[in-house]
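Remarks on the structure that follows.
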Amino acid sequence: MLYLSQHPHPHTAQTQRCLRAADGYLYLGLVPEALREMDAIAAAEQGDSAVLLARIRVLLHMKAWRSAETLSGKGARLHPDEGEFTVQRAFALHQMDKGEAAEEALLAAPEWIRRTGILHYNLACYQARLGDLTQARECIDAAIQMNAGIKKNARLDPDLQALWN
Numbered sequence: 000m001l002y003l004s005q006h007p008h009p010h011t012a013q014t015q016r017c018l019r020a021a022d023g024y025l026y027l028g029l030v031p032e033a034l035r036e037m038d039a040i041a042a043a044e045q046g047d048s049a050v051l052l053a054r055i056r057v058l059l060h061m062k063a064w065r066s067a068e069t070l071s072g073k074g075a076r077l078h079p080d081e082g083e084f085t086v087q088r089a090f091a092l093h094q095m096d097k098g099e100a101a102e103e104a105l106l107a108a109p110e111w112i113r114r115t116g117i118l119h120y121n122l123a124c125y126q127a128r129l130g131d132l133t134q135a136r137e138c139i140d141a142a143i144q145m146n147a148g149i150k151k152n153a154r155l156d157p158d159l160q161a162l163w164n
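If you're matching positions, the sequence shown starts at 0 in numbering that gives the first Met the number 0 and goes up one per residue.
Encoded structure:
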């Protein structure tokens, strides 16, 4: 999964340990353990952007789409310069079959995200699921032009299979 964090944030040693442990647990597929690590972070740091994003990643692994969407919206309001919240919110909406809302969320994303290719990649997925293959093809072409590495993921993404058939 691609994360777009722009700014590192200082954390207590305990929070740093919990964040690293949660990432490790997610890598190993141990989602409940990752959630326990997130819950162990002090309340004073729960609103930090890196902590919120880590919790959202856990929720996405749990397929808790509604909770991930809600927390992503909160994160975007608290940290308007952190575009990853917009991407994660749109992904959660997409997973809830709310493609039009997902597209609206991405189109409201900060300008810097538009230069990464990830916005266009996600728009391609949403358009393909909504049945607009012409628009999906234009979006994936733009994404690949911005980041050639996206092509490999696009070929394997089930949301984009209609483009390759």
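Backbone N, C-alpha and C define an ideal beta-carbon position, used for all residues, glycine too.
Values in this document were obtained by computation on a predicted structure and should not be read as measured data.
Output the distance between the C-alpha atoms of Asp131 and Gln15, rounded to the nearest integer angstrom.
-> 43 Å
Say whether the region 35-55 touches the region 11-26, bearing in mind that this needs 3 or more beta-carbon pairs closer than 8 Å, one atom from each stretch.
-> yes
Please confirm whether Met37 and Trp64 have their CB atoms less than 8 Å apart.
-> no
Which term fits Gln126, buried or exposed, when burial requires 16 or more other beta carbons within 10 angstroms of its beta carbon?
-> buried
Short Cβ contact (8 Å threshold) for Gly82 with Ile40 | no
Residues near Pro109 in its chain [Cβ-Cβ closer than 6 Å; skip 5 each side] | Gly82
Helix, strand or coil at Pro79 [DSSP, three-state] | coil
With a 10 Å radius around its C-beta and 16 neighbouring C-beta atoms as the bar for buried, classify Tyr24 as buried or exposed.
-> buried
Check whether the Cβ atoms of Gly116 and Asn164 sit closer than 8 Å, and answer yes or no.
-> no
Exposed or buried, Gly46, counting other C-beta atoms within 10 Å across all chains shown (16 or more means buried)?
-> exposed
Using 10 angstroms around the beta-carbon of Tyr26, count the other beta-carbons present and answer buried if the total reaches 16, otherwise exposed.
-> exposed
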